[in-house]
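Residue numbers (the working numbering): 1 to 313.
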């Protein structure tokens, strides 16, 4: 009986394995990871396995994550639409093309006093005619409807990172307040700030300050008591609810100054009026209002339309 010989050294290596009863490993299993092609290691060529489909889906998600990380590294900007979360590849853009086209920017006709959207340009809206606001005038970046409602609610319920992109849209309106001396966020009570974990108006004011250069005065005005939830209250009821709840803590800083109040939503203007009364009483020369969104006005005289937020100016 003759032993079959293969290439040099092959017979000597096979014999010990057979004697020990160990199955010789298959050639494919001995291929080191480094021998795989660059395309396979990068994920552009799927590796052969029982879970090829699952791996393919995982690799697609991984590729998207790599693209996002690369964009952040190169541009230092968000790479997801703040409205729907879709990928955004345009430099400096916060909305995808689809959302930007349909997002309710407050770029049409507005009331010259409260800045809320109206049907057509003209005089004061019916609500401002009925009760002229105490503040000088107001403007907002969005109409509080549709996707803007979802965005603002996300901002107020944990999405503090949204302050930066929202403030970017508000910053375009700062030029409408050329005499402004400082930014003043509409305050919330200390207990309300602890419950939420942050002050959304203060975050917007800080982000605005970085873009327009106006200083922020966070401690000038304070809210000294909690107020009842205003969601279902009329303008008159809101005004009564807010009586005496704002106190000017640093009168010298606002004396003779044009103050630009900053907040997330303007509903009826009652909160802004209460702040303005306190600031005028402390010697402010003028008080204006800039918000992320404003509830549009119905032309039938029934007041602001849309879903009112839990709280706001």
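Heads up, the beta-carbon is just placed ideally off N, CA and C, and yes, glycines get one too. Quick caveat, the model's predicted, so the values are computed rather than measured.
Check: Straight-line Cα distance separating residue 155 from residue 195; Outcome: 15 Å
Check: When 294, 185, 142, 85 are compared against residue 287, the one with the closest alpha-carbon; Outcome: 185
Check: Burial state of residue 291 (16 or more Cβ within 10 Å); Outcome: buried
Check: Assigned secondary structure, residue 125 (DSSP; H/G/I helix, E/B strand, else coil); Outcome: coil
Check: Three-state secondary structure assigned by DSSP to residue 138; Outcome: strand
Check: Same chain, Cβ closer than 7 Å to residue 176, five either side skipped, listed in chain order; Outcome: 139
Check: Supposed close pair residue 152, residue 293 - CB separation, criterion 8 Å; Outcome: 6 Å
Check: Limits of the unbroken beta strand (DSSP E) element including residue 257; Outcome: Run containing residue 257: none; DSSP gives neither H nor E here.
Check: Straight-line Cα distance separating residue 206 from residue 243; Outcome: 27 Å
Check: Outcome for residue 132 when other beta-carbon atoms lying within 10 angstroms are tallied against a minimum of 16; Outcome: exposed
Check: Buried or exposed (CB count within 10 angstroms, at least 16 for buried), residue 179; Outcome: exposed
Check: Burial state of residue 31 (16 or more Cβ within 10 Å); Outcome: In this prediction, residue 31 has a pLDDT of 38, which is less than 50 and means its spatial position is unreliable; what the coordinates show is noted afterwards. Exposed, since its Cβ has fewer than 16 Cβ neighbours within 10 Å.
Check: Residue 143 in three-state terms, based on DSSP; Outcome: strand
Check: Inter-residue CB distance, residue 102 and residue 110 (contact presumed, cutoff 8 Å); Outcome: Going by Cβ atoms, the distance from residue 102 to residue 110 rounds to 19 Å, so no, they are not a contact pair.
Check: Among 275, 203, 214, the one whose alpha carbon lies nearest that of residue 238; Outcome: 275
Check: Nearest-angstrom Cα separation, counted from residue 89 out to residue 128; Outcome: 42 Å
Check: Counted within 10 angstroms of its Cβ, other Cβ atoms place residue 220 as buried (16 or more) or exposed; Outcome: buried
Check: Cβ-based burial, residue 143 [other Cβ within 10 Å; buried from 16]; Outcome: buried
Check: Where residue 22 falls: helix, strand or coil (DSSP); Outcome: At residue 22 the pLDDT is 42, less than 50, meaning the model places this residue with poor confidence and gives no usable figure here.
Check: Pairwise C-alpha distance: residue 124 and residue 281; Outcome: 26 Å
Check: Cβ-Cβ separation, residue 224 to residue 267 (assumed contact under 8 Å), whole Å; Outcome: Their Cβ separation, rounded to whole angstroms, is 21 Å, which puts residue 267 and residue 224 out of contact at 8 Å.
Check: Same chain only: Cβ atoms within 7 Å of residue 120, ignoring 5 sequence neighbours per side; Outcome: 109
Check: Nearest-angstrom Cα separation, counted from residue 285 out to residue 85; Outcome: 43 Å
Check: Backbone secondary structure at residue 49 - three-state DSSP; Outcome: Per-residue confidence for residue 49 stands at a pLDDT of 45, beneath the threshold of 50, marking its modelled position as unreliable; the derived number appears in the next sentence. In this structure, residue 49 counts as coil in the three-state DSSP scheme.
Check: 6 Å CB neighbourhood of residue 222 in its chain, flanking five on each side removed; Outcome: 187, 247, 249
Check: Per-residue DSSP class, three states only, for residue 271; Outcome: helix
Check: Distance, residue 210 Cα to residue 381 Cα; Outcome: There is simply no residue 381 to check, as the chain begins at 1 and stops at 313 in what is shown.
Check: C-beta atoms of residue 183 and residue 134 nearer than 8 Å; Outcome: no
Check: Simplified DSSP assignment, three categories, for residue 168; Outcome: helix
Check: Runs of alpha helix (DSSP H) lying entirely within the segment 196-251, each at least 4 residues, in chain order; Outcome: 200-212, 235-241
Check: Where the alpha helix (DSSP H) through residue 84 begins and ends; Outcome: Per DSSP, residue 84 belongs to no alpha helix (DSSP H) and is neither H nor E.
Check: Residue 213 versus residue 204 - alpha carbon distance; Outcome: 13 Å
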